[in-house]
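Read the structure below first, then the notes.
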Amino acid sequence: MIITILSAIALLILAFAYTVTLEGIARKIEARIHRRCGPPFWQNFIDIFKSLTKHSISHGFIFDFGVLMALGGTIATVLFIPAGNLVVFPGLDNVFVIIYLLAIGLLGMAMSAVGSGNPNASIGIGRALTQMLGYELPFMIVLLGVFFHFRTSSLSELAVLQNSGGTYNVLIMPIGAVVGFVSLMGMLGKKPFDTFIAPAEIASGPLVEYSGKYLGLLMTQHAFGTFIEIGLFVNLFLGGGKTIWEFLLKFFLVYFLAVIISSIMPRFRVEQAVKFYWKWPLILSFIQVVIVVFIMGRRV
Amino acid sequence: MNNEQTAWERVANMLRARSLWMLYYCTGCGAIELPPTMTARFDMERFGIGPMATPRQADILLVTGYLSTKTLRRVIYSYEQMQAPKYIVGFGSCTINGGIYYDSYATINRLDLYVPVDLYLAGCMPRPEAIVNGFKNLMDKIDQGEATGWKDYEANYEWYRKNQIDALGEVYIHDEFHE
Amino acid sequence: MLFAIFYMLDKLGSIDFSTVATRIESATVEVQLVILISLGVMVLAKMGVFPLHIWLRGSHSSAPDEFSPILSGALTKIGAFLLFTITAALPSFRIFSQLPVFNGIPMVNYTFALLGGISIVVGTVMAIRMEDAKELIAFSTVSNSGYIVMALSIGGTYATAGGLMHVLNHAMASAAMFMAIAAVAYRTGTTKMHEMGGLILKMPVTFATYLVAIISVAGIPPTSGFVSKWLIYQQLVQNGLPFLAFAAFFGSIGSFMYVFKPLAGIFLGQLKPQHRNLKEVPLVMVVPMAILTLLTVFWGMLPSNAIKTINAVTASVGINAVEVTFSRIVALTGEWDSILVTTVFAIGFFISLFIFMRAKKARQVDLMDNYTAGDFLYTSELYHFSYRMYRPFDRLFEKWPSMEDWLSSLSDKIKELGALLKAIFYPANPQLYIGLAMVAIIGTFWWLR
Amino acid sequence: MSSMNDKLNEIMLMAGQFTFSEITKRQFSVNIKSSGLLSVLGLFRQKGFTHLSLITGIDRLNDEKFEVVYTLFCWESGETILVSTLVDRKTPVLPTIMEMWPVARFYERDVHEFFGIVFDGNPDLKPLILENWSEIPPMRKDFDPHKYSKEHFPDRKYNADFLPEGGGEDE
């Protein structure tokens, strides 16, 4: 019992510290791409703690409850992500549970954003949910193939199986990995798919009415969300790593690739994003699943 | 100024100085100076200063240029929507003393009668170097805890409100274009 | 349906399920097919699955408010009971084993599952485009009965258990949703979403009921909706059925969209001036809603006792039970612990509450004091964005043929045919009418002699 | 250029006494008496000058006149014509041209607010831009904006020691 609590705390601190520094480094990378020197990499820590010290306004009960539900849901999901050999709940981290627990965060954020009564926020939430329908489908279909092949949908077992078998999923199912990465870009809300927090059009979408401590809470939620989504991708397709450092290295590589792609891409409109996701990634994911289910069959 | 801040206040000020978020609201001709300060050559972001879309999230309100009575209403409304440790930077001579529009019937001459201004940047639109230097001064002022414009806005609110009513008639106007 | 019963009587000599179950195996393939297909059509009609789902929209939305929960909660589930008997009681797997098998499922079952899948997709897409709350929930019923049909017709331990559990969950959730909308309609007199707003201040209990109901329909962990969907997914993964899985995932992700629309339209946002002095619904309406909410959350946190009863049902039919301990559900491809998930969520909630309390107290501001890009706004109605919330999504499906127009044109043609026949056989003057009747009677006697 | 001449010959007969000058290859200005205003504008409109881009006023204080300029533009030939008339400063009244160009309603309202010229026939000559304005119309030359600015918008008092003695604060 004590070990799970300690490892849970360790995982939370690791997730928070690592992802926020990574976001700082991402801002530095983007600055370098824009040929300027960019903020120090611990800038995101300063932003979060500064927001927590500021005064703020609230639009009533649902506005607060939604933010707490969002952060609570995301913290709960982080504990199910195995980071290398730091696994908090060994057998119980089922991928479906993770994906749907993540949905609590989104629902909480949606409720509080619309509860603020600002039309920008409602438009942003409408776009976010529409886009979620876009990028979740190919991802889930590819996941179906992975679970069918490895006969298990528990994340830590998947990681162990990939390591013991020696071949990562990226090599067995390259198309699935590509589709997974493209929908990861959608999940993270990186540049080509960040229509729901478009600063110029709808004044940063759902975040329009958040000030002070709400903004701090939501930035930590965004950090945890990034950790969950990229951790999911690394465990599923890159074997999750035998030690924590290997996991963190792979985490950094995936995040680095996502940042590079996102810093030079313009922004999709929502229906373009959904059309894009339902055209190429969906077809590729079906091809991948058909290959896995009918040709490759189960893992021997 | 009383700058014996508590330890917690000092840390908070240090945080606030390093990460200032600027509101996207450009009122006059000075707004054209901001893109060069943010992009490659002068890069304001290395001080942690970045643009934010809504007053709720912003710390600094940049009043960049002459202020007609209609724009002043929006500036006051946005300022009141911003959250507590907030600062105003007045760009150019039009906010200091009316500038070239000193004798116009439509523009105000002195900004800090209506909203507390923490920093003035001289120049009939200061160049990016002056803006970056100004922001450095503002960051030092915040560090020492002297940038307390928002405190005295709350303290003598009636005085500010009287000035605003004198100049504008009413701040939250209902029928501006006489429909 | 009637034809199937008489046909069973004629061919198998009895309509008692157990005897039919034993005798049907020996019957020829045509007999089996006829019986099961005709019963299957009744299931599709009763549950509002894809080809026959048009009546759900009209009936549920125009039914009196207090009756539609029963309509969608209970009546459509009778179809599920019949489907359970067809697929599980009568051993459909063994009967159709010699038919071409698709990935371990006989062709007949697979067609039913496919129809269920299509109805999930159609139900979700149509629900997203609805403007009236009751029509929206009617289409959510179409989508969820699609889940039940797909789960039960796939067979296998987890899908049958998941299907039956989904019957229970969806009955509770859609009944709670309809009751909440009925409560709102009782107070405001309308179910159009864009004519209301901000009712959370006036009707908190209804809001809580509706919130838990949509969390269950969307299938999010702490509520029971997730349990049944999880079981269905385990079976889909186990058998490896990509196309059915696509429909299932589409339904569950799409359900986030359409369940959230009434929540945002009716309960959140600015309060309309005419709803200013609304009060909460009287106690007699609140109690059933509260019971349903507590049950959904109870079975969400402790699915084991719900699953134990389902295991008893499936055992009676000879399908092995789902292994379940006090709080943990074990399936072939993974397991999860419902109590653990809820406690972890509670811990996360308290951590964020702790940070929330530590920071400075927030200043309460009413909903009209919003960021409006510096402009002043005084009319609250214009400000609440809820009409056609997913406009980009609608544009995607604008040009698709609408099922209703096609069927309504079909029904018009049938009506004309009927009028034509009526003109021939029921002439105005009585003599010819009596003459025709005499001829008909003589003819039947001659045939029956 | 030739098309311009034949248009002008017809109008010359109509308007009687007028002065015509050519600003650039495509811009011309015509000054006519206010009595012939409506007919000339109508004629220009038929000749293709369908676009009324602006109505503006000029305050000729020393010879007690307001000059009102109508700027018309012809899409086909790309020519602009400035039709201007003089109107007495004491009783500045001109007929409205809302029937020909509905947009003139707002231009006339604007000129009325800033010069005080009355356009009879225009239903709503309410103020357009200025708010709670109690002074005389501000664009008139006898209005002193500096005095107004001093009264309404106080400015910064500072002892500017660097100024030469004569040119100090004109307080």
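Residue numbers (the numbering used here), protein chains in the order written: chain A, 1 to 300; chain B, 1001 to 1179; chain C, 2001 to 2449; chain D, 3001 to 3171. Glycine included, each C-beta is placed from N, C-alpha and C at the ideal position. Here the structure is a predicted model, which means the values were calculated and not measured.
Counterpart residues of residue 83/A in DSSP-defined beta bridges: Mapped onto the first sequence, residue 83/A falls at position 83. Paired residue(s): 86/A.
Beta carbon of residue 1046/B nearer than 8 Å to that of residue 39/A: Numbered from 1 along the second sequence, position 46 holds the residue referred to as residue 1046/B. Numbered from 1 along the first sequence, position 39 holds the residue referred to as residue 39/A. Yes, Cβ-Cβ distance for residue 1046/B and residue 39/A is below 8 Å.
Reduced DSSP secondary structure (H/G/I, E/B, other) of residue 1090/B: For this step, residue 1090/B is matched to residue 90 along the second sequence. In the structure shown, residue 1090/B sits in a strand (DSSP, three-state: E or B).
Three-state secondary structure assigned by DSSP to residue 2435/C: By one-based count along the third sequence, residue 2435/C stands at place 435. Note: residue 2435/C maps to helix in three-state DSSP.
For residue 3154/D, the nearest candidate out of 1084/B, 1039/B, 1086/B and 1105/B (CA to CA): Along the fourth sequence, one-based indexing puts residue 3154/D at 154. Measuring from the Cα of residue 3154/D, the nearest candidate turns out to be 1105/B.
Cβ distance (whole Å) where residue 2043/C is taken to contact residue 2090/C below 8 Å: One-based indexing of the third sequence puts residue 2043/C at position 43. One-based indexing of the third sequence puts residue 2090/C at position 90. 13 Å between Cβ atoms; not a contact.
Distance between residue 173/A and residue 281/A (C-alpha atoms, nearest Å): In the first sequence, counting from the first residue as 1, residue 281/A sits at position 281. In the first sequence, counting from the first residue as 1, residue 173/A sits at position 173. Taking the straight line joining both Cα atoms gives about 14 Å.
contact_flag[the region 73-93 of chain A, the region 237-249 of chain A] where n(CB pairs < 8 Å) is 3 or more: yes
Proximity test, Cβ basis, 8 Å: residue 52/A and chain C: Mapped onto the first sequence, residue 52/A falls at position 52. At least one chain C Cβ lies under 8 Å of residue 52/A.
Distance CB(residue 1116/B)-CB(residue 1153/B) smaller than 8 Å: Numbered from 1 along the second sequence, position 116 holds the residue referred to as residue 1116/B. Numbered from 1 along the second sequence, position 153 holds the residue referred to as residue 1153/B. Yes; because the gap between Cβ atoms is below 8 Å, this pair is in contact.
Strand pairing of residue 3172/D, partner residues [DSSP]: Because chain D here runs from 3001 to 3171, residue 3172/D falls outside it and cannot be looked at.
Inter-stretch contact at 8 Å, needing at least 3 Cβ pairs: the region 2294-2304 of chain C / the region 57-71 of chain A: no
Through-space distance from residue 1088/B to residue 1149/B, alpha-carbon basis: Translated into the one-based positions of the second sequence, residue 1149/B becomes position 149. Translated into the one-based positions of the second sequence, residue 1088/B becomes position 88. Rounded to the nearest angstrom, the two C-alpha atoms are 8 Å apart.
Proximal residues to residue 2250/C (C-beta, below 8 Å), its chain only, five neighbours per side dropped: As a position in the third sequence, residue 2250/C is number 250, starting the count at 1. If we look at residue 2250/C and ignore the five residues flanking it on each side, its Cβ neighbours are 2120, 2121 and 2124.
Nearest candidate by alpha-carbon position, reference residue 2464/C, set 2259/C, 2186/C, 2036/C and 2248/C: Here chain C covers residues 2001 to 2449 and nothing more, so residue 2464/C does not appear.
Beta-carbon proximity check, residue 189/A vs residue 139/A, cutoff 8 Å: To locate residue 189/A, count along the first sequence from 1; it is residue 189. To locate residue 139/A, count along the first sequence from 1; it is residue 139. Not in contact: residue 189/A and residue 139/A (Cβ atoms no closer than 8 Å).
Cβ-heavy atom distance, residue 2202/C to the ligand GDP, below 7 Å: Summarising the ligand content, the structure contains no ligands, and the ligand GDP is consequently not present.
Check whether residue 2183/C and residue 2196/C have beta carbons under 8 Å apart: Residue mapping note: residue 2183/C aligns to position 183 of the third sequence, counting from 1. Residue mapping note: residue 2196/C aligns to position 196 of the third sequence, counting from 1. No; because the gap between Cβ atoms is not below 8 Å, this pair is not in contact.
Closest residue to residue 3125/D among 1121/B, 1177/B and 1025/B (Cα-Cα distance): For the purposes of this step, residue 3125/D is taken as the residue at position 125 of the fourth sequence. For the residues 1121/B, 1177/B and 1025/B, the minimum Cα distance to residue 3125/D belongs to 1177/B.
Residues of the region 2247-2259 of chain C with Cβ closer than 7 Å to any Cβ of chain A, in chain order: 2249, 2250, 2253, 2254, 2256 and 2257
Three or more C-beta pairs below 8 Å linking the region 1090-1097 of chain B and the region 63-76 of chain A: no
Beta carbon proximity, residue 1174/B to chain C, threshold 8 Å: Numbered from 1 along the second sequence, position 174 holds the residue referred to as residue 1174/B. Closer than 8 Å: yes.
Residue span of the alpha helix (DSSP H) that contains residue 220/A, given as start and end: On the first sequence, residue 220/A is found 220 positions in, with the first residue counted as 1. Where residue 220/A is concerned, the enclosing alpha helix (DSSP H) stretches over 212-237.
Short-range partners of chain C found in the region 124-136 of chain A, where Cβ spacing is below 8 Å: 125, 126, 127, 129, 130, 132, 133 and 136
Residue span of the beta strand (DSSP E) that contains residue 3052/D, given as start and end: Sequence index remark: in the fourth sequence, residue 3052/D carries index 52 (1-based). Taken as a continuous stretch (DSSP letters only), the beta strand (DSSP E) holding residue 3052/D covers 3051-3060.
Cβ distance (whole Å) where residue 2269/C is taken to contact residue 117/A below 8 Å: Numbered from its first residue, the third sequence carries residue 2269/C at position 269. Numbered from its first residue, the first sequence carries residue 117/A at position 117. Between residue 117/A and residue 2269/C the Cβ distance is about 5 Å, and since that is below 8 Å, they are a contact.
Chain D contact for residue 1105/B (CB, 8 Å cutoff): As a first step, residue 1105/B is located in the second sequence; it is residue number 105 there, counting from the start. So, interface residue.
Residues bridged to residue 2335/C (per DSSP): Working through the third sequence from its first residue, we reach residue 2335/C at position 335. Beta-bridge pairing links residue 2335/C to 2330/C.
Exposure of residue 3002/D, with buried meaning 16 or more beta-carbon neighbours within 10 Å: The residue labelled residue 3002/D in the question sits at position 2 within the fourth sequence. Per-residue confidence for residue 3002/D stands at a pLDDT of 47, beneath the threshold of 50, marking its modelled position as unreliable; the derived number appears in the next sentence. Under this definition residue 3002/D is an exposed residue.
Where residue 3002/D sits in the DSSP three-state scheme: The residue you call residue 3002/D lines up with position 2 of the fourth sequence. Any reading at residue 3002/D needs caution, since the residue's pLDDT is 47, under 50, leaving its predicted position unreliable; the model's value is listed next. Reduced to three states, the DSSP call for residue 3002/D is helix.
C-beta contact flag for residue 104/A and residue 2207/C at 8 Å: The residue given as residue 104/A occupies position 104 in the first sequence. The residue given as residue 2207/C occupies position 207 in the third sequence. No. Outside cutoff.
Neighbouring residues, chain D, relative to residue 1096/B (Cβ below 8 Å): Position 96 of the second sequence holds residue 1096/B. Chain D residues near residue 1096/B: 3156.
Neighbour flag for residue 18/A against chain C, beta carbons, 8 Å: What you label residue 18/A is simply residue 18 of the first sequence in a count that begins at 1. Not one chain C Cβ lies under 8 Å of residue 18/A.
Neighbourhood of residue 3111/D by C-beta, 8 Å cutoff - its chain only, sequence neighbours within 5 removed: Here residue 3111/D corresponds to residue number 111 of the fourth sequence, with the count starting at 1. So the list reads 3055, 3056, 3057, 3068, 3117 and 3119, once near-sequence residues are dropped.
Of the listed residues 237/A, 264/A and 265/A, nearest to residue 254/A (C-alpha basis): The residue you call residue 254/A lines up with position 254 of the first sequence. Taking only the C-alpha atoms, the option nearest residue 254/A is 237/A.
Within 8 Å, strictly: CB atoms of residue 207/A and residue 218/A: On the first sequence, residue 207/A is found 207 positions in, with the first residue counted as 1. On the first sequence, residue 218/A is found 218 positions in, with the first residue counted as 1. Yes, the pair counts as a contact, with Cβ atoms nearer than the cut-off.
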